[in-house]
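K.L.:
This is the structure I have questions about; it appears just below.
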Amino acid sequence: MTRTSCAQGATRSLIVRACCAGLLALWLPHAALAHGDTSANQVDDLVCPRATPAPKPPTDKPAASVSLAGNQMPSDAELGPFARTIVRDEPTLDPHAIPGLALSNGPLRRIAFWGDSHIAAGPFMPTLINALRGKGLSVGPRFLPPTMGRANVSLPGLRAYCIGSAWNTEIAYTSPTPLDIGPALVDREVEAGPEAYLWLDLRNASRQAEMQQVQMVYDTPDGATIEYSIDDGGTHSLTLESTTGSELLTVRSDHPMATIKWRVARGKLVLHGFVLEPVKLPDVTFDVYGLPSATVKGWANANPKVIAQTLHGVSYDGVVLEYGTNEGADRDFDADKYAALLGKALTNMRQVFPSASCLLVGPPDRGVLRSGKGNRLPLLAYSRVHRQIENVQRTVGSRFGCVEWSWQDLMGGQGGSYGWAHAKPSLMGRDLIHLSPDGYRRTGSALAKSLGWSP
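Counted the way mature numbering (1 follows the signal peptide of the UniProt record, and there is no 0) counts, the sequence shown spans residues -34 to -1, 1 to 421.
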């Protein structure tokens, strides 16, 4: 057994090794899991037990227009000037204020986004990634969150996955009290059984294998037994000792791996995520920790010492927090309480990433729909709250060295959601909360321009 040190204490790293004569599980450092000459293209695609394979990430093809028919939009007469589409590009952010997010000829850049449904799926994040690639930079994930199987969550680091029905989810933002949780602000837990499986296809979109090493970040309070197979090979078993903090199960190969299949055969396992190491590290590592309905309370609730330890040395030059839409849904929104919550969240973030550049992306504009003959909210009911949230982010964020980016201003200010809904093709979703795919692409392009990632 090898032991390495990290900022928050000792961590144990189990390394799986094999030789040509057959697979062995050994406690040896710097070992490799060799799996013969199997080509990644010869490894079958995942076929999930009793389920269809997980959907692939969204493409970059132009989206069809979003129909708003029958969706109880306010009438044009009521909207008046708000029906006019405005796209007001935000100014370029000062690269000296966010050096960790600025592109330069210096060392590799490490970037991470935390946020809600706006970044969890859809083309917002892929648009930013494509902007970086458009500058000739290679981009890839470093820390893969354990959100496989969560509705409306895309994982750019995976070609596909299968996950059993036995996995439970612990979420930081829904917890009534602070808790120990991993960097995704989401942990997955499972008890041994036939549905305690997780299969990963690590190949890129062209079915090429690039991953030389995968490290599972886990806890096993009472120990566990893991069954695993690599690239359609035989099934083998590993015994994990009981833990008092997160540990690493490291699988390294002489050849890039296409698929890994895991199953918990005994005990309970808590999964925090995976650290990915490709054959060649990309110019920019780009991690996305998005979760629908999330709020900044997740960061406020999380134990920063546990997040730092669970990252096992993964760090970031630039951190982006995109929150506010779900906080703004509260009819009794209190700006002072929100400021205190945001202050706690940024305090915790700074304990984990004390020197990272920080960007706060405010919520987009939100409209109201008309229904029945009940009480009718003012057209700007949510818009005004979102403006308050943005103002708080600007004020509180400045105390923590964070720069604010106004999504609402991009849309033309308060009431801009109505104009975006009337664009052709529509830039707004039918609920007037989320954007259409074209709207997210437009937002991603605008943010990339503000960051200096595109002309």
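For each residue, glycine too, the CB sits at the ideal point set by N, CA and C.
For residue 299, which residues in the same chain have their Cβ closer than 6 Å to its Cβ, ignoring the five residues on either side in sequence?
P.N.:
Excluding positions up to five away in sequence, the list reads 351.
K.L.:
Note down the Cα distance separating residue 409 from residue 374, rounded to an integer number of angstroms.
P.N.:
The straight-line gap from Cα to Cα measures roughly 10 Å.
K.L.:
Please go through the stretch 26 to 109 and give each complete alpha helix (DSSP H) segment of 4 or more residues, from N-terminal end onward.
P.N.:
Entirely contained in the stretch 26 to 109, the alpha helix (DSSP H) runs reaching 4 residues are, in chain order, 42 to 45, 83 to 86 and 90 to 100.
K.L.:
Would you call the stretch 178 to 196 in contact with the stretch 228 to 245, where contact means no fewer than 3 C-beta pairs closer than 8 Å?
P.N.:
Yes, the stretch 178 to 196 touches the stretch 228 to 245.
K.L.:
Report buried or exposed for residue 301, applying the criterion of at least 16 other Cβ atoms within 10 angstroms of its Cβ.
P.N.:
That one is exposed.
K.L.:
Counting beta carbon pairs with one atom in the stretch 44 to 52 and one in the stretch 375 to 386, are three or more of them shorter than 8 Å?
P.N.:
They touch, by the three-pair rule.
K.L.:
Hey, could you find the ends of the beta strand (DSSP E) residue 190 is sitting in?
P.N.:
Taken as a continuous stretch (DSSP letters only), the beta strand (DSSP E) holding residue 190 covers 190 to 196.
K.L.:
Once you ignore the five residues that flank residue 159 on each side, which residues in its own chain have a CB closer than 7 Å to its CB?
P.N.:
Around residue 159: 132.
K.L.:
Within 10 angstroms of the Cβ of residue 390, are there 16 or more other Cβ atoms? Answer buried if so, exposed if not.
P.N.:
With fewer than 16 other Cβ atoms within 10 Å, it is exposed.
K.L.:
Could you have a look at residue -3 and say whether DSSP puts it in helix, strand or coil?
P.N.:
For residue -3, the pLDDT reaches just 35, beneath the cut-off of 50, and the residue's location in the model is therefore unreliable, although a value from the coordinates is still provided. Coil.
K.L.:
When burial is assigned at 16 or more other CB atoms within 10 Å of the CB, is residue 58 buried or exposed?
P.N.:
Exposed, because fewer than 16 other Cβ atoms sit within 10 Å of the Cβ of residue 58.
K.L.:
Give the C-beta separation of residue 250 and residue 137 to the nearest angstrom, bearing in mind that I take them to be a contact with Cβ-Cβ under 8 Å.
P.N.:
About 28 Å separates the two Cβ atoms, so there is no contact after all.
K.L.:
Nearest to residue 268 by alpha carbon, out of 254, 257 and 310?
P.N.:
Closest option to residue 268, Cα to Cα, is 310.
K.L.:
How would you call residue 345, buried or exposed, if buried means at least 16 neighbouring beta carbons within 10 angstroms?
P.N.:
Answer is buried; the Cβ neighbour count reaches 16.
K.L.:
In the DSSP assignment, what residue or residues form a beta bridge with residue 324?
P.N.:
In the DSSP output, where bridge partners are listed per residue, residue 324 has 285 and 368.
K.L.:
Mind checking residue 201: buried by the 16 CB within 10 Å criterion, or exposed?
P.N.:
Answer is exposed; the Cβ neighbour count stays below 16.
K.L.:
Spell out the partners DSSP gives residue 239 in its beta bridges.
P.N.:
Residue 239 pairs with 183.
K.L.:
I'd like the span of the alpha helix (DSSP H) that includes residue 265, first residue to last.
P.N.:
Run containing residue 265: 263 to 267, per the alpha helix (DSSP H) assignment.
K.L.:
Cα separation between residue 204 and residue 97?
P.N.:
Going by the C-alpha atoms only, they are around 42 Å apart.
K.L.:
Kindly indicate the opening and closing residues of the alpha helix (DSSP H) around residue 273.
P.N.:
Note, residue 273: alpha helix (DSSP H), 270 to 277.
K.L.:
Taking the Cβ atom as the reference point for each residue, do residue 95 and residue 252 lie within a distance shorter than 8 Å?
P.N.:
Yes.
K.L.:
Based on Cα-Cα distance, which residue from 292, 402 and 108 lies nearest to residue 79?
P.N.:
Closest option to residue 79, Cα to Cα, is 108.
K.L.:
Considering residue 422, what are the terminal residues of the beta strand (DSSP E) in which it resides?
P.N.:
Limits of the chain in this structure are -34 at one end and 421 at the other, which puts residue 422 out of reach.
K.L.:
Using a 10 Å radius around the Cβ and a threshold of 16 neighbouring Cβ atoms, would you call residue 220 buried or exposed?
P.N.:
Exposed, by the Cβ-count rule.
K.L.:
Count the CB pairs spanning the stretch 266 to 280 and the stretch 141 to 159 that are closer than 8 Å, and state whether there are at least three.
P.N.:
Touching, yes, given that three or more Cβ pairs across the two stretches are closer than 8 Å.
K.L.:
Drop a sphere of 10 angstroms on the beta-carbon of residue 16, count the other beta-carbons inside from all chains shown, and report buried for 16 or more, exposed for fewer.
P.N.:
When all chains shown are included, residue 16 counts as exposed.
K.L.:
Give the single residue among 155, 86, 60 and 372 whose Cα lies nearest to the Cα of residue 260.
P.N.:
For the residues 155, 86, 60 and 372, the minimum Cα distance to residue 260 belongs to 86.
K.L.:
In this structure, how does DSSP classify residue -17 when only helix, strand and coil are distinguished?
P.N.:
Unreliable positioning characterises residue -17 in this predicted model, as indicated by a pLDDT of 34, which lies under 50. The coordinate reading is nonetheless provided below. If DSSP states are grouped into helix, strand and coil, residue -17 belongs with the strands.
K.L.:
With a threshold of 6 Å on Cβ separation, who are the neighbours of residue 209 within its own chain once the five nearest residues in sequence on each side are excluded?
P.N.:
These residues qualify, in order along the chain: 185 and 186.
K.L.:
Please classify residue 113 as buried or exposed, where buried requires at least 16 other C-beta atoms within 10 Å of its C-beta.
P.N.:
Residue 113 should be labelled buried.
K.L.:
From residue 384 to residue 337, what distance separates their C-alpha atoms?
P.N.:
Near 16 Å, if we compare the C-alpha coordinates of residue 337 and residue 384.
K.L.:
So, for residue 42: in the same chain, excluding its five sequence neighbours on each side, which residues have a beta-carbon less than 7 Å away from its beta-carbon?
P.N.:
Excluding positions up to five away in sequence, the list reads 49.
K.L.:
Does residue 154 come out as helix, strand or coil in the three-state DSSP assignment?
P.N.:
Strand.
K.L.:
Among all the DSSP beta bridges, which residues are the ones paired with residue 394?
P.N.:
DSSP output for residue 394 lists 401 as bridge partner(s).
K.L.:
Bridge partners of residue 205, per DSSP?
P.N.:
Note: residue 205 sits in a beta bridge opposite 191.
K.L.:
Look at the alpha carbon of residue 419 and the alpha carbon of residue 157, and state the distance between them as a whole number of angstroms.
P.N.:
Going from the Cα of residue 419 to the Cα of residue 157 covers about 44 Å.
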